[in-house]
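Q: I'd like to ask some things about the structure below.
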Amino acid sequence: MGRSAAALNTLPYWIADRIADWVVILSEVTPIQWPVHTERLTLRAYMPSDLDALWAYEQLPQVQHWLGWVPRSRDELRDAMDSKPSNNTHVMVLRNSTIIGHIMIMPRDSWAQMDVAERAKGLEAELGWMFNPAHGGKGYATEAVSAAISICFDVLNVRRIHAGCFADNAASWRLMERLGLRREEHSRAAALHRDGTWHDGFTYALLREEWPTPPALRLELRSSRLPHAPRPHRGR
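Under UniProt numbering, the first residue of the sequence shown is numbered 1, with each subsequent residue one higher.
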């Protein structure tokens with residue numbers, strides 16, 4: 001992520017009319033045996049004890065600048081994180097025992113014609129992320145998001161991932177391009193910023209066959225599957 005603050009989806013990551021869809025999809029995807037380790041980092045599920053660290057860097061102006069939703073209080077953040085969809089989609093990123101950021105992995109249905117929609121369930125994932133700028137410039141965000149992409153493809157078995165950002169959030173889209181995601185959409189003046197100005201937005205995506213998971217991480221992810229975990233319906 002370089003030295004910039006945080007990158008996050010251009011849309012709020014808690015959207016009321018999508019929560020029910022997330023719960024349905026999350027109940028169908030393969031559970032993950034946390035933690036997952038990379039060369040320097042540990043990824044694990046969110047726990048209530050993480051709230052103080054999360055609240056500390058979410059209050060920073062440089063972090064809030066690109067956030068789709070800014071919690072007005074610690075209690076509001078706690079309520080959002082304790083909701084079932086948020087609790088299941090937030091992956092905390094740790095360097096040693098210090099929380100340095102978090103990633104949102106949001107499985108969803110791929111678009112499909114109605115008569116084949118059942119075969120598209122849970123085959124796509126949306127990603128978002130936020131990192132504490134105090135730990136920027138060390139490549140941690142690149143390493144963590146890379147692992148999240150591998151989790152999507154090698155554990156959750158999605159066929160496509162996508163992420164979005166404000167066009168002016170260069171740290172975010174440069175990270176995506178560094179990881180090989182392809183810019184698929186440039187929306188002109190489509191996103192209203194809280195400063196009152198309209199901004200362009202970018203959407204990036206990647207297919208499973210375009211992603212080479214590092215062999216060492218692939219071996220760890222194989223052991224991250226819970227035994228006898230239900231598999232998503234794939235159809236033919």
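Backbone N, C-alpha and C define an ideal beta-carbon position, used for all residues, glycine too.
If we ignore side chains and look at the alpha-carbon of each, how far apart do residue 199 and residue 169 end up?
A: Computed Cα separation, rounded: 10 Å.
Q: From what residue to what residue does the alpha helix (DSSP H) around residue 210 run?
A: Per DSSP, residue 210 belongs to no alpha helix (DSSP H) and is neither H nor E.
Q: Can you tell me whether residue 116 is buried or exposed? The criterion is at least 16 other CB atoms within 10 Å of its CB, across all chains shown.
A: Classification of residue 116: exposed, given that the 10 Å Cβ count is below 16.
Q: Grab the span of the alpha helix (DSSP H) containing residue 151 for me, first residue to last.
A: First-last of the alpha helix (DSSP H) with residue 151: 140-154.
Q: Please state the DSSP three-state secondary structure of residue 200.
A: Here residue 200 sits in strand by DSSP.
Q: Does the distance from the C-beta atom of residue 183 to that of residue 204 stay below 8 Å?
A: In this structure, residue 204 lies closer than 8 Å to residue 183 by Cβ.
Q: Please list the segments of the alpha helix (DSSP H) lying wholly inside the segment 157-194, counting only runs of 4 or more residues, in order along the chain.
A: Taking only runs of at least 4 residues, the alpha helix (DSSP H) segments lying wholly in the segment 157-194 are 170-178.
Q: Looking at the secondary structure, which residues open and close the alpha helix (DSSP H) in which residue 77 lies?
A: Taken as a continuous stretch (DSSP letters only), the alpha helix (DSSP H) holding residue 77 covers 74-82.
Q: Less than 8 Å between the CB atoms is what I'm expecting for residue 145 and residue 103, so what's the real figure, rounded?
A: With 8 Å as the limit, residue 145 and residue 103 qualify as a contact, their Cβ atoms being about 6 Å apart.
Q: Considering only the alpha carbon of each residue, which of 77, 48 and 206 lies closest to residue 59?
A: The candidate whose alpha carbon is nearest that of residue 59 is 77.
Q: I'd like to know whether the C-beta atoms of residue 151 and residue 206 end up nearer to each other than 8 Å.
A: Result no, Cβ atoms of residue 151 and residue 206 do not sit closer than 8 Å.
Q: Determine the DSSP secondary structure at residue 25, reduced to helix, strand or coil.
A: The predicted position of residue 25 is uncertain, since its pLDDT is 45 and thus under 50; a value taken from the coordinates is nonetheless stated next. Reduced to three states, the DSSP call for residue 25 is helix.
Q: Does DSSP put residue 114 in a helix, in a strand, or in coil?
A: Helix.
Q: Can you round the beta-carbon distance between residue 192 and residue 142 to whole angstroms, since I take them to be within the 8 Å contact cut?
A: The Cβ separation is near 29 Å, so there is no contact.
Q: Identify whether residue 60 lies in helix, strand or coil by the three-state DSSP scheme.
A: Correct three-state label for residue 60: coil.
Q: Of the choices 124, 187 and 153, whose alpha-carbon is the least far from that of residue 32?
A: That would be 153, whose Cα lies nearest to the Cα of residue 32.
Q: For my contact list, residue 81 and residue 51 are in at a C-beta cut-off of 8 Å; report their separation, rounded to the angstrom.
A: Yes, they are in contact, since the Cβ atoms of residue 81 and residue 51 sit about 7 Å apart, within 8 Å.
Q: Does the distance from the C-beta atom of residue 238 to that of residue 165 stay below 8 Å?
A: Residue 238 cannot be examined here, being either before or after the span of the chain that is shown, 1 to 236.
Q: Using a Cβ-Cβ cutoff of less than 8 Å, which residues in the same chain neighbour residue 167 once the five nearest sequence positions on both sides are dropped?
A: If we look at residue 167 and ignore the five residues flanking it on each side, its Cβ neighbours are 173, 186, 199, 200, 201 and 202.
Q: Within a Cβ cutoff of 8 Å, which residues of the same chain sit near residue 48, ignoring the five residues on either side of it in sequence?
A: Same-chain partners within the cutoff: 78, 81 and 82.
Q: If residue 127 and residue 105 are in contact, beta carbons under 8 Å, what's the gap, nearest whole angstrom?
A: Contact flag correct, Cβ pair sits at about 6 Å.
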